[in-house]
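Read the structure below first, then the notes.
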Amino acid sequence: MAHIVIMGAGIGGMPMAYEMKEKIRKADKVTVISNTENFHFVPSNPWVGVKWRDREDIEFGVRPYLERKGINFISTGVKRVHPENNRLELNDGSLVDYDFLVIATGPKLAFDEIEGLGPHGGFTHSVCHVDHAMKSHDMWDRFAKEPGPIVIGAVQGASCFGPAYEYAFTIETDLRRRRIRHEVPMTFVTSEPYIGHLGLGGVGDSKGLLESAMREKHIKWICNAKVDRIEEGKMFVTEFDDMGKEKQKHEVPFAYSMMLPAFKGVDAVFGIEGLTNPRGFIIVDEHQRNPKFKNVYAVGVCIAIPPVEKTPVPIGTPKTGYMIESMVTATAHNIHSELIGNPPTSKATWNTVCLADFGDTGMAFVALPQIPPRNVNWVSSGKWVHVAKIAFEKYFIRKMKRGTSEPMYEKLTMNAMGITKLK
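Residues 85 to 507, numbered by my numbering, are exactly what the sequence shown covers, in order.
Structure follows, in structure tokens:
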């Protein structure tokens, strides 16, 4: 009998549990360990932040759904991974042994790296977690009664830029609907070298399309931006030129701000030699397996992927929903192969497919493969993206409740985009 343990019950961990359960032998066991009882659909957090969604619309308790599928669930959370002993130390002091471990924790949000950043003790909001989005949700009406300047963006070291663009345009849409847009100057501050870089070196004409959209919506921007510190109502930013030399200092006022932080690995794995890189991300090979601890796999945002290219201000590489599903499927197949005595052979595609909602329209991006040169380098915009994002939200939450493991992200998005097959 083998015990497969999955750390995390999010967008990577839940599908991983369902797919793994379908692949194991009759005597094998799957356990999910999380630091929370709940799953929440992270891509909907921008909607939560402007009160277009309530918490209960995108969050649910996972225990009954996992246990119905015969998957054990522990919500104590992992204090430390001990890969040399094939053991997890939980927050309550108990120990869990494993034969295979899949790390799907997502990241630690590095708000502490910039003075004044973040919703806990800082002056900016976040849409990285539903708890953070709810802080904005609870005060958004108050802001609308006393509007002022808004600053949205992503700090140095950030790797997931799509939600920043989504949130900026969603807020812009909401302000127009409230008929107070004319009272709210908006500035987009990003560590990207140009608008539409997205941590991917651009996708299609993402630069031109996003710059045009920002001009149309009267959103100013500062690129190659390093946020030095944040005070109440003020953001201090250093802008660099394309050669990495200081270009200009900015003091940007705001009455409301949402800035995406840089990511790090979670404390449970940080600093384990051979398992993580210096930022705490899990090192994996082409089969999603750690090269040193070969019974440890990892999927999702927690894995180490180098930046697509060197930029004047450091940025990371995003891990999108389709990419995560591909990692999950490859990992499930590889662990199954090892269970029956064969070597792992499955590889994730690491392609990028993204639906970015802008409130009443949106943009879709496809980069195959993620790192240029690409076989497919495609971007499109229109109201259909907004509709597709809503449909996918409903579909994915329903899939997590039903315990369906089929990776449908590719099918749904490709059908919408008129692309028949990803290679």
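All C-beta atoms, glycine included, are put in the ideal place defined by N, C-alpha and C.
Given the structure is predicted, the values throughout are model-derived calculations rather than measurements.
Asked, Found
"Test item: CB-CB of Met91 and Ala188 under 8 Å", "yes"
"Buried/exposed call for Ile389, threshold 16 Cβ in 10 Å", "buried"
"Supposed close pair Leu423, Arg109 - CB separation, criterion 8 Å", "6 Å"
"Start and end residues, beta strand (DSSP E) containing Leu185", "184 to 187"
"Inter-residue spacing [alpha-carbon to alpha-carbon] between Thr488 and Lys107", "13 Å"
"Reduced DSSP secondary structure (H/G/I, E/B, other) of Tyr102", "helix"
"Exposure label - Lys105; buried when at least 16 CB within 10 Å", "buried"
"Neighbourhood of Arg262 by C-beta, 6 Å cutoff - its chain only, sequence neighbours within 5 removed", "Ala228"
"Of the listed residues Val162, Ile356, Ala472, Val385, nearest to Asp441 (C-alpha basis)", "Ala472"
"Beta carbon of Trp224 nearer than 8 Å to that of Lys135", "yes"
"Reference Lys378; option with closest CA among Leu344, Tyr340, Gly364, Asn418", "Asn418"
"Val98 and Val146 closer than 8 Å at C-beta", "Correcting the residue identity first, residue 98 is Met in this sequence and not Val. In this structure, Val146 lies closer than 8 Å to Met98 by Cβ."
"Helix, strand or coil at Trp131 [DSSP, three-state]", "helix"
"Whole-angstrom distance between Arg373 and Asn426, CA atom to CA atom", "14 Å"
"Under 8 Å between C-beta atoms of Met319 and Val235", "yes"
"Residues bridged to Ala388 (per DSSP)", "Paired residues: none, contrary to the question."
"Residues near Ala93 by beta carbon distance below 6 Å, same chain, minus five either side", "Val116, Ser118, Phe123, Val146"
"Selection from Thr433, Ser465, Met270 that minimises the alpha carbon distance to Gln514", "Here the chain has residues from 85 to 507 only, and residue 514 is not among them."
"Distance between Asp176 and Ser159 (C-alpha atoms, nearest Å)", "10 Å"
"Residues that DSSP places opposite Ala238 in a beta bridge", "Thr274, Leu344"
"Close-in-space but distant-in-sequence residues of the same chain around Ala101 (CB under 7 Å, 5 per side omitted)", "Ile90, Val114, Val116, Leu150, Ile155"
"Given Gly232 as reference, the closest of Ser210, Gly246, Leu259, Ala217 once Cα atoms are compared", "Leu259"
"Residues near Val214 by beta carbon distance below 7 Å, same chain, minus five either side", "His124, Asn129, Val132, Arg139, Ile142, Glu143"
"Contact set for Arg458: own chain, Cβ-Cβ below 7 Å, skip 5 residues either direction", "Ala451, Leu452"
"Beta-carbon proximity list for Val392, same chain, < 8 Å, skipping 5 on both sides", "Gly283, Leu284, Gly285, Thr401, Gln454, Ile455, Pro456"
"Rounded C-alpha distance that separates Thr322 from Phe157", "46 Å"
"Simplified DSSP state of Pro427, which is helix, strand or coil", "coil"
"Selected residue, minimal CA-CA separation from Ile399, among Glu315, Val180, Arg363, Val368", "Arg363"
"Length of the line joining the Cα atoms of Val211 and Ala252", "11 Å"
"Coarse secondary structure for Ser159, derived from DSSP in three states", "coil"
"Residue range of the alpha helix (DSSP H) that includes Gly446", "Element bounds for Gly446: not the alpha helix (DSSP H) but the beta strand (DSSP E), 446 to 452."
"Ile142, enclosing alpha helix (DSSP H) - first and last residue", "139 to 142"
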